[in-house]
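The C-terminal residue of the sequence shown carries number 1493 in my numbering, and the numbering is unbroken. To start, the structure under review is shown below, and the notes come after it.
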Amino acid sequence: MCAHLGVGARPGVPVDDVLALVDAVLREAGLTRAAVRSLATLDARAAEPGVAGAAAELGVPLRGFTAGELAAVSVPHPSALPLAATGTSSVAEAAALLSAGAEASAAAGPSQALLLVPKRKSRRVTCAIATCAPVCPHERAPGVRLLPLAHGYIAGEPGSPPTIPTPHTTAAMDTHAHAHTDAHDLRHHGDAEVRDEKLIDLAVNVRTNTPPDWLRKKIADSLTGLAAYPDGRAARAAVAVRHDLPTGRVLLTAGAAEAFVLLARALPARRPVVVHPQFTEPEAALRDAGHEVGRVLLRAEDGFRLDPAAVPEDADLVVIGNPTNPTSVLHPAESIAALARPGRTLVVDEAFMDAVPGERESLAGRTDVPGLVVLRSLTKTWGLAGLRIGYVLAEPETIALLEGAQPLWPVSTPALVAAEACMSPAALAEAEHAAHQIAVERAHLLAGLAEFDEVRTVAGAEGPFVLLRIDGADAIRDRLRLLGFAARRGDTFPGLDRNWLRLAVRDRATTNRFLQALDQALLLGG
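Structural data, given as structure tokens:
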């Protein structure tokens, strides 16, 4: 990734002060000096020895822009002080965007200038980083765009246009209205946030850039066998080997969602209880099957941590997620195992466990916990939501009950091939690597969110998503949509309200662009 630096400096600033802030901002972006392509500033500051010396030290051209050119650029962090002193509300951000915009104009394909790191300040210097990014035909990148000079204005002045891109029209979402009268729409899922709109997706927890090419090829090769009925024996055996279990303890399903329906229909539960906030489909499936469902609501003030004593003793079916969606809390395996009782079915949704390095706290493969049912999904890590593949690990008697409730050939041949492929040692190593990368990117996202006084995140996130609270998050979510980002609303999860949002973990550049959009959304709210 190339970096175009924008620098604002007071008269007489030494070169060491400029370079110290430049290096700090580059580190924040995960870049080195080798990535720098230019250094830009106000033309009146280009002759400053500290600024000129920094460009020479970096070995890049120094660009000077007039105050009028800089004032014509929309910046997310305008300030009255530089506006009064230089005629532009942020020298660093505007200069960086202008410099990156020059590269975007010269690019072979459609490109745009994006602010990668907003202005950072030391005592005498400000610095920002912009980059030139290609425009993806399937996304509208919501970073700050370089505005044509004909549409320029001084940010914040009366009568100026808003500093946001052209709004997207918010489509009516299919929320699958449930007959059960409830304040929470249990049938609302993250895909409804992005359906029919070109938004950058932080609402769906499927890993980006998936399936990988090798898995796509295996799935494509399986299409030559579609004339034959699906045979799940090889895939079932592969799952059993992966978890060191006999095949009689494995059932393949059309995603974890089918497993919830099978459990609701096949098991003779009299008092089912769901631990919330968590994925809402288990409760929806139970209610659809005619069950009256009890809820145990974990509390935000306790960090949404499980207290086994909160689950009623007479509950004969208990459902809990680990790590839990949407809280991203990873409960200790022994705390969950402590919920097991004679005559009780303990269902643990581990759909996101393969996104946890080492899969620590997993109960998959355990045979010493009575009534244990573990659900796994291959749709999240491997990008197979459209293929529908998951599996159940349980006692043979439970597997037999669930299998008896399935239709014939419930899992397609391509999905079976994918399941077998994802159990290979090479695939498991790739998933482990991805889990470590998610942890790194999640830490970056959380560090960025910590910069906002208005934002409070749930501590100790371990999944590929984070849960955060902002007063009026529903309005913030709408503003984020105008800025090109889809976030998952929290108020459809029992135990949460309109002040909660869930964000999927994405790559560094996307996260930085989102943090910038969030900053703008908060500013627009006053």
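Just so it is clear, CB atoms sit at the ideal spot from N, CA and C, and this is done for glycine as well.
Query	Result
Exposed or buried, residue 1321, counting other C-beta atoms within 10 Å across all chains shown (16 or more means buried)?	buried
Would you kindly check if the distance between the Cβ of residue 1468 and the Cβ of residue 1435 is under 7 Å?	yes
Give me the Cβ distance between residue 1009 and residue 1021, rounded to the nearest whole Å; I'm assuming they're in contact under 8 Å.	Wrong, their Cβ atoms sit about 14 Å apart, outside the cutoff.
With a CB to CB cut of under 6 Å and the five nearest residues on each side skipped, what residues in its chain are close to residue 1377?	1221
Go ahead and label residue 1083 buried or exposed: buried means 16 or more other beta carbons lie within 10 angstroms of its beta carbon, across all protein chains shown.	buried
Using only CA atoms, which one of 1334, 1314, 1454 and 1388 lies nearest to residue 1224?	1314
Mind checking which residues open and close the alpha helix (DSSP H) that includes residue 1392?	1392–1416
Between the C-alpha atoms of residue 1441 and residue 1490, what's the straight-line distance to the nearest angstrom?	15 Å
What whole-angstrom Cβ distance do residue 1286 and residue 1241 have, given they're in contact under 8 Å?	5 Å
Within the chosen definition, does the segment 1356–1375 reach the segment 1174–1186 through at least 3 CB pairs nearer than 8 Å?	no
For residue 914, count neighbouring Cβ atoms within 10 angstroms of its own Cβ and tell me buried if that reaches 16, exposed if not.	Within the shown structure, residues of the chain are numbered from 968 to 1493, placing residue 914 beyond reach of any answer.
For residue 1400, count neighbouring C-beta atoms within 10 Å of its own C-beta (all shown protein chains included) and say buried if the count is 16 or more, exposed if not.	exposed
On the CB-based measure, 16 or more other CB atoms within 10 Å of its CB, does residue 1208 come out buried or exposed?	exposed
Pick from 1271, 1305 and 1311: whose alpha carbon is nearest that of residue 1293?	1271
Taking 7 Å as the cut-off, decide whether the C-beta atoms of residue 1318 and residue 1233 are in contact.	no
Note down, in chain order, each residue of its chain lying with its Cβ closer than 6 Å to the Cβ of residue 975, except the 5 sequence neighbours on either side.	1058, 1059 and 1093
Output needed for residue 1055: all residues of its chain with C-beta closer than 6 Å, excluding positions within five of it in sequence on either side, in chain order.	1034, 1037, 1038 and 1061
Residues bridged to residue 975 by DSSP?	1093
Check the DSSP bridge columns for residue 1088 and list the partner residues they point to.	1093
According to DSSP, is residue 1491 part of a helix, a strand, or is it coil?	helix
For residue 1196, which beta-bridge partners are listed by DSSP?	Residue 1196 is not bridged to any residue.
Could you please give the first and the last residue of the uninterrupted beta strand (DSSP E) stretch that includes residue 1016?	Looking at the DSSP string, residue 1016 is not in any beta strand (DSSP E); the run it does join, the alpha helix (DSSP H), is 1016–1025.
Run the CB neighbour count on residue 1172, radius 10 Å, all protein chains shown included, and call it buried at 16 or more, exposed below.	buried
When the Cα of residue 1359 is compared with those of 1204, 977, 1328 and 1404, which residue comes out closest?	1204
Could you spell out the range, first to last residue, of the alpha helix (DSSP H) harbouring residue 1226?	1222–1233
Residue 1362 by DSSP, collapsed to three states: which one?	coil
So, for residue 1275: in the same chain, excluding its five sequence neighbours on each side, which residues have a beta-carbon less than 7 Å away from its beta-carbon?	1302, 1305 and 1306
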